[in-house]
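Here is the structure we will look at.
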Amino acid sequence: MPVSYFLVLSSLLFSIGIYGVLARENAVLVLLSIELMLNAVNINFVAFAALFKQPGIAGQVFALFVIAVAAAEVGVGLAIVILIFRNRQDVDLDEMSLMKW
Amino acid sequence: MEWFQNGWGLSLTTFLPMVGVVAMLFIPSSQDRLIKLIGTLFAGLTLLAGIGLLFGFHYGSAGTLQLGSNLDWIPQIGSRYHIGVDGISLPLLELSVLVCFLCMIYLWWHVPAPGKTKALLSLVLLLETGMNGSFVALDLILFFVFWELVLVPMYFMIGIWGGPRRQYAAVKFFLYTLFGSIFMLLGFLAIYFKSGATTFDMVALRASAAQGALGSSLFQNLTFLGLFLGFAIKVPMWPFHTWLPDAHTEAPTVGSVLLAAILLKMGTYGFIRIAIPLLPQAAHDYAPVIGILAVIAIIYGALCCYAQSDLKRLIAFSSVGHMGFVMLGISTLTPQGINGAIFGMVAHGLITGMLFFLVGSIHERYHTREIADLGGVLQQIPRFGSLLTYTAIASLGLPGLAGFWGEMLALLGAYRPAIGLSPTLFRILMVGAGVGTVLTAGYFLWMLQRVNLGRIPEKFADGSHIFDVQRLEWLAWTPLLLLIIGAGLYPKLILNVTNDAVQALVLHVGAALHAGSTLALH
Amino acid sequence: MNGLQLAAAVTTKRGFVIDFMWLVPLLPFLAFFTILFFGKKLRSRGHSIGILAVGAGLVISLIGFAELASGNAQIERSWTWFRISTVHLEFGMNYDFLTALMFVVVTTVSLLVQVYSTGYMHDDSRYTWFYAALSLFTASMLFLVIANNLLQMLVGWEGVGVCSYFLIGHYWEEKENSSAAIKAFITTRVGDVGFMFGIFALFIAGHTFNIIRLNHEAQNGQLKGSLLTVAALLLFCGAAGKSAQFPLHVWLPDAMAGPTPVSALIHAATMVVAGVYLVARMFLVFTHAGAALNVVAIIASITMLGAALLALVQDDIKRVLAYSTISQLAYMMAALGVGAYTAGIFHLFTHAFFKALLFLGAGSLIHSVHSNNMSDMGGLRKYMPHTFRTFIIGSLALGGIFPLAGFFSKDEILGEALRSASAGTASTAWIVFIAGTVTAFLTALYMTRACIKTFWGEYRGEGHPHESPGSMITPLWILAILTMTVGLLGFPVIGPFKDWINVPGQESPGFSALYNVILPVGSVALAGLAVWLGYMLFYKKRWQVDILAGPFAWTYRLLVNKYYMDDLYNKGIVKPVQYTLAKAAYWSNQNILDGAVNGVAAGALGTANFTYDELDQKVVDYAVNGAAGLTGATGGLLRYIQGGNVQRYAAVLFAGIAIFIGLFALTSIVHI
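Protein chains in written order, with our numbering: chain H, 1 to 101; chain U, 1001 to 1522; chain X, 2001 to 2672.
Put into structure tokens, the structure is as follows:
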């Protein structure tokens, strides 16, 4: 299978992710979209690793790292979201302007 | 004790008080007794170091600088940590360590309002480092640093613990002295560059001055003017004296004592240690001017004393007159005159220091220093009154007490000044100063009559709160009282130390003048 | 004390005590400290120590005198006091007949006065201090006398001056007493400054302070010319101050404010003769100093006459005696002035005893009457027989009646003056002789007046006068006996005094062997005339003269006002200096000198204010604030970018990435 298939899949997935991050108002969905983007990256890693057949499994290992980091990130992210929800009964990102000057 | 004589003793004497300041920082200010203990301890250790110097000093060669060290300090400009003492500075250094210690003892008895014992004691110790350093420094920059170091503690001492006009007096003191020292620094720099910009070392500069290498007489005269301003304001000479009465009147007792006993001596010491040896030609040219100003100060100071209603201000003005005698002695450029000047400095330190202690204690008892309000002190508190009489009589120059020899030798020097100075002028000055001694006797006796004698004024007649001399006062004063009569009966005590150094100085000036004139011929 | 130097003392025979004469001043000096610090704890309140010290001093002095008289040579010892450059000051003793004589006089009078004071001062609140001061005075006086050099002498000289100050002002609760003390100190100090300059002049010219060497140098011509004259006159300034000579005599009458024993000791017998002693000590300097000795003689002549006249009009008995003292001191000075060295010293010697006697007698009167004024006395011979008899003895001695002490000494002076005058050796001798004769007459007159006013007539005071206690009477009688006998030491031709006291370096006897018998007879007759005149005037009250209205009223006013000299000094010098000049100096200090300083400060402050208000705030700071404002405005515009919406940030981010990718793609295409 040509590598371009994987790349097309990954770019679709990444674009869906970007859309989700930018357009969704619910923070949980934004987090999920970020996961999509990370997984698109993972697909790239694995595809290129298989393509170049370098000695070792650096690409695959990187994918594992990304999965681990993603899990951690979601953990922290959800914790923040829950805290915000507790404080404001709402996780609508448009309403959140805490960083405004 | 080799280490002690290799400069450590002198450095200890200079910096132990500073260590005391650091130690003081670690004590909470609520620990009043502990603070006083630490202060007294360090002043006492410094005094011990000072006494150690007396044993380490080699009196046979009092004319040479001893006990010193000479280390790199700021090599980029050739300034070194060069310290040492000779017969000229040793008596003044000893006076300084003694008086500081006595002030510490006096502070046990009474800390002036607003308290803050820790701050006050730290300032006294800091002041001591500055004063001791000024007397031992042999490098112009080092001297200048110590000289300026003195200003700060005294400024705060007057500004915080002073009388009603303390702010004015403190600022005036600080700015006036600073004004002078800027010109002094300019003078130092001029000498530095003239000598080839290699060294600030007084010994080396003095050696080149001896060969007439330190510039033309115009250069010398201009430079001397700078130094003159710096030192004359500190002395203070007429007409630069007006900061003194204000500073004295407002300063707390220990401040006045230290100011009168030691700070003023830094000015006269500067003349003897720096201005005259480094610029001998100019010193010679300026001598008549200095002599005239000195005699004006004597008569003028005495006259002003008659017009005073505040006891402390009277003593302050008497200082102007007494320092006039010191300057007259210096201006003669004779061994008699300069020896007399140094004797006069020590004597004035002892006597006027004592007088300020007494005035401070009068204020503690009567809560006034107005001469018109006081009276009958001798009747009410006889011991105290006797001390006042004794010290006042010493101050008016009674033979057998310390005040006499300085005045006598200065007058003797003026009778026949150094070669090249006009004897006629100096004899006129001598007569003027002689009139001054009569005036001095007059105002002191008049002061005694109004304060000490007579009947007790009605408002003090009750007198239950007016107590005679306290134990701590005795402790702080006895050394001064004994030294006043000791130096009076046995003047050799001081003159033996100073003479060699003064002889060397006078010879140096003569040689430099000679070298200068032969250079001019070529 | 390094370098114990023994001056060569050529002696043929060495006594034992004569080496220890320094003990005599030392003992009272130690007594001073002992009394001062421990006196109050003693039962005697201090007097025992003082009396013991001076008593021991008297014994040593007498033995020392005897050793000298028995052939020991004069002794000089010295240690180095200090040495700077060429100035070598010694601390030494010079013991010769003159010193020995003064020692005997000082210790005797001091001892008697101290014994007397145990009675007179008994109830005084400052009894202990009184004795301490007396001891210090005695020590200083002896120190002055024993000094072998002028500077050391000056130390003792000022020492006695300050003791005199303390003791005159002993009753310092009253302002006039302390004022009198100040007046005494300052007036003598004026002279002392001259004295000090005289010492300088001699030192610079003669290279020594040593008295013997200076005299020697004057004698053999090393010191000469106008310098010597000026030096001698300057020394005389000091002498005139201490010995109350015109025009510095004004302090002595006021000094009577002190307790009477003090007046006897200090202001009659000892301290005031220090000036005479100084002239005698430096006699060769004076004799070789051109006109100096003539000045001494003339000043002395003016003083003796002027003071004797003043003594005639005083009511205060102590003041009568004070003016008499001035007059008699002038007698001694005048004697020295005409070269009658031995006669002058002899008068000093006898005068000390009879004047001390008179003062102590006056003290006894005052003690009993509680007033100094003769107008409060009268008829006291009945109440106080011992005082009466001794006082009369003293008065007769002072008046110069044979064979009392004053007769011999006064007679010698007049004789010497007459001899010099007729021989033409001293140009001022006639003046001295005439002034001396008139003064002798006046002396007898005023003493007659004083005696009549106190002892005869009716008692005019208050209370009941009584004879004084034994402690006071005994010294009176001892002095009276001495007054009757010491004159015999100088008995013409045979008295031993002339062998003791002589001009240094001169071998011939002090009194001329050519004794003129007419003169003493004449002078006694003159004194008798004066007594008779006084008797007629003041007792019989013949020739009642209204002194306030008669043709001599102005003379009376002049005398009562002491020739207006006090007013002259007070209004002409003291007050202007003390108030006007002082105020002017202080005004200039506060307004001109300090004004300049404050002016500089104010100018600096003004410039600073201008710089701040105008320059700094309106120009420099405007630029700074402008820069800040500009930044703020820019920031205000830019802040809209930051909406706080994370998603909008992310959109921008991704848009940016997209643009960069696009650009990248474009450029790579172009390159390809």
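Ideal Cβ positions, reconstructed from N, Cα and C, are used throughout, including at glycine.
- Between X/G2169 and chain U, the shortest Cβ-Cβ separation is below 8 Å.
- Judged by DSSP in its simplified three-state form, X/R2045 adopts coil rather than helix or strand.
- At a cut-off of 8 Å, the C-beta of H/L29 has no neighbouring C-beta in chain X.
- With respect to U/L1279, U/T1223 sits close: the two C-beta atoms are nearer than 8 Å.
- Comparing alpha-carbon positions, the option among U/S1256, U/S1011, U/P1017, U/D1373 lying closest to U/L1121 turns out to be U/P1017.
- Under the three-state reduction of DSSP, U/L1065 is assigned to coil, being neither helix nor strand.
- Around the beta carbon of U/Y1192, 16 or more other beta carbons sit within 10 angstroms, so the residue counts as buried.
- Chain X has no Cβ within less than 8 Å of the Cβ of H/L12.
- In the structure shown, the three-state DSSP call for U/H1058 is coil.
- X/V2155 counts as buried, since no fewer than 16 other beta carbons sit within 10 angstroms of its beta carbon.
- Distance from U/A1282 to U/Q1220 at the Cβ level is roughly 4 Å; contact confirmed, criterion being Cβ atoms closer than 8 Å.
- Cα atoms of X/V2190 and U/G1050: separation of roughly 41 Å, rounded to the nearest angstrom.
- Taken atom to atom, the span from the alpha-carbon of X/T2631 to that of H/R86 is near 40 Å.
- Per DSSP, U/L1453 lies in no beta strand (DSSP E) and is assigned neither H nor E.
- The Cβ-Cβ distance between X/L2348 and X/V2276 falls below 8 Å.
- As computed with DSSP, U/V1085 is found in a beta bridge with U/Q1066.
- X/W2079 has X/F2091 as its beta-bridge partners, per DSSP.
- At a cut-off of 8 Å between beta-carbon atoms, H/I84 makes no contact with chain X.
- For X/A2650, the C-beta contacts it makes with chain H under 7 Å involve V21, L22, in order along the chain.
- When Cβ-Cβ separations below 8 Å define contact, X/F2654 makes contact with chain H.
- Within the segment 2280 to 2324 of chain X, the runs of alpha helix (DSSP H) that reach at least 4 residues and sit entirely inside it are, in chain order, 2283 to 2287, 2292 to 2311.
- For U/D1468, the secondary structure class from DSSP, reduced to helix, strand or coil, is coil.
- Taking C-beta atoms as the reference points, X/V2262 and X/S2243 fail to come closer than 8 Å.
- Here DSSP, grouped into helix, strand and coil, assigns X/N2625 to helix.
- Counting only the Cα atoms, U/G1187 lies some 14 Å from U/P1277.
- Judged by pairs of C-beta atoms under 8 Å, the segment 1426 to 1439 of chain U touches the segment 1290 to 1306 of chain U, as three or more such pairs exist.
- DSSP places U/I1074 in the strand class (E or B) of the three-state scheme.
- Taking a C-beta cut-off of 7 Å against chain U, the contacting residues of the segment 2584 to 2611 of chain X are A2585, Y2586, N2589, L2593, D2594, V2597, listed in chain order.
- Residues of the segment 1299 to 1322 of chain U with a C-beta less than 7 Å from any C-beta of chain X: Y1300, L1303, C1304, Y1306, A1307, listed in chain order.
- Between U/L1244 and U/A1316, the C-beta gap is smaller than 8 Å, which places the two residues in contact.
- U/E1370 sits in a strand when the DSSP states are folded into three classes.
- Contact annotation, U/A1341 with U/I1330: C-beta distance approximately 5 Å; criterion of less than 8 Å satisfied.
- Put simply, the CB of H/D94 is near chain X, with a gap under 8 Å to one of its CB atoms.
- Proximity of the segment 1049 to 1068 of chain U to the segment 1160 to 1168 of chain U falls short of the contact definition, fewer than three beta-carbon pairs being nearer than 8 Å.
- Under the Cβ criterion of 8 Å, H/I18 is counted among the residues facing chain X.
- Bounds of the alpha helix (DSSP H) holding X/M2196 are 2175 to 2206.
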